[in-house]
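Asker:
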Amino acid sequence: MDKEREEQVISLCQKLVQQKSYSGEESGVVSVLSENMKQMGFDEVTVDKYGNIIGCIKGKRPGKKILFDGHIDTVPVTEETEWTYPPFAAEIHDGKIYGRGTSDMKGAVAAMTCAASSYAKDTDKDFAGEIYVAGVVHEECFEGVAAREISKNVRPDYVVIGEASELNLKIGQRGRAEIVVETFGKPCHSANPEKGINAVYKMAKVIEVIRTLTPTHHPVLGDGILELTDIKSAPYPGASVVPEYCRATYDRRLLVGETKESVLAPINELLEKLMAEDPQLKVKASYALGKEKCHTGNEIEGERFFPGWLYDKDDEFVQDVYKKLQEKGFTPEITQYNFCTNGSHYAGEAGIKTFGLGPSKENLAHTLNEYVELDQLTKVTECYYGVMEALLK
Ligand SMILES: [Zn+2]
């Protein structure tokens, strides 16, 4: 990659990081990306109802559609004064750009945009197919929900997720669900507790029994972990009142093939049994419902159930990309992500051929002093260029 193109991707990454964009507040970064895409030769730039931005470059010949997906929201900065460099300045020190969202994942979004533009210029658009670069909103709280709108509009044949992979190829991930368990009691004065039903005591028993469940297992993805993450009772604070309600949330990691029904079935079976033993017990399990406001003013909502997915190393599209990257001097490993991504929708729900490829280390996401190395940023731009060469034929 020549100097001018290196500078282009570095500068775009900086501009994106300088736009603070917590989930639901991505309008600034959308404007900057839109302006840059138009200047860089994209044929079409649109923003959908959730506020996702999609830039498109069409080849002169018909062919497959590749969608490059990068979320443009970030997690918040909580302790701004503890950052060595200001989190929204995108300063460069020792070959790294520092700032919130550099690694997760505005660096990748900048690289996708620049790679698509360069590929179109170098080929004079004489290629088969269409390239889409999507800056996706609301990923940090809702993996794959805003992405549903994108795949509905674009209908891609391939999706590249740009989440950090240190330039390795990721062909799967565990999914994630949030399960809510609720017990319903009967309030009374705590001086006479026998007159009520304490929902927290009921929950204590339920939690103990849920803990005895054996997790599901997948030979590659590991365990379908079910872990209690929070608990809440009502009324709170309970000033001399026996609580009438208790709610516990579980994080469940999902394996390939697990469905909304199959995940709740063993839990419900246990709860039914407990209720049969204790006529006073009223308990219910369901998926948490998320509802958030988008920067467009619209609402986005859905159940927190994001499926797992996994492709085979030997699948043709994986091998085509793998060989092309090797040809270009890279040495990717083919593995899986350890966290949940928009791939939950594209691969897990929509069955679209998907893989992950991004700059930087995944453990830099959400951290103090988050950064992306300039070397990773320019290299991943070359990798994305290679993906286009491999798949648009
Ligand atoms: Zn991310």
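FYI, in my numbering the residues of the sequence shown are 410 to 802. We put the CB at the ideal spot given by N, CA and C, even for glycine.
1. Residues in its own chain within less than 7 Å of K473 by CB, not counting five upstream and five downstream?
2. Compare the C-alpha of K467 against each of I481, H480, V692 and D452 and name the closest.
3. Using the three-state DSSP reduction, which class does K585 fall into: helix, strand or coil?
4. To the nearest angstrom, how far is the alpha carbon of C523 from that of C465?
5. Taking the alpha-carbon positions, what's the G717 to I570 distance?
6. Give a single yes or no on whether D478 has its beta carbon closer than 8 Å to a heavy atom of ligand 1.
7. Taking the beta strand (DSSP E) that I640 belongs to, which residues open and close that run?
8. According to the neighbour-count rule (16 or more other Cβ atoms, all chains shown, within 10 Å of its Cβ), is Y731 buried or exposed?
9. Whose CA, out of Q735, R583, T532 and I506, lies closest to the CA of G752?
10. Note down, in chain order, each residue of its chain lying with its Cβ closer than 8 Å to the Cβ of K447, except the 5 sequence neighbours on either side.
11. Keeping to the same chain, check which residues put their C-beta closer than 7 Å to that of A356; ignore five residues upstream and five downstream.
12. Please indicate yes or no: does the CB of A756 lie closer than 8 Å to some heavy atom of ligand 1?
13. Cβ of T816 within 9 Å of Cβ of V629?
14. Does the Cβ-Cβ distance between K458 and N445 come in under 9 Å?
15. Between F748 and E712, how many whole angstroms is the CB-CB distance? I'm expecting something under 8 Å.
Answerer: Answer, in terms of the structure:
1. G538, D566, Y567, L800 and L801
2. D452
3. Note on residue identity: the sequence assigns Arg, not Lys, to residue 585. In this structure, R585 counts as strand in the three-state DSSP scheme.
4. The C-alpha of C523 lies about 12 Å from the C-alpha of C465.
5. Going by the C-alpha atoms only, they are around 14 Å apart.
6. D478 Cβ: outside cutoff for every heavy atom of ligand 1.
7. L635 to A643
8. buried
9. R583
10. V454
11. Residue 356 is absent from the model: the chain starts at 410 and stops at 802.
12. Here the distance from the Cβ of A756 to the nearest heavy atom of ligand 1 is not below 8 Å.
13. Residue coverage of the chain in this structure runs from 410 to 802, which leaves residue 816 outside it and unanswerable.
14. no
15. About 19 Å separates the two Cβ atoms, so there is no contact after all.
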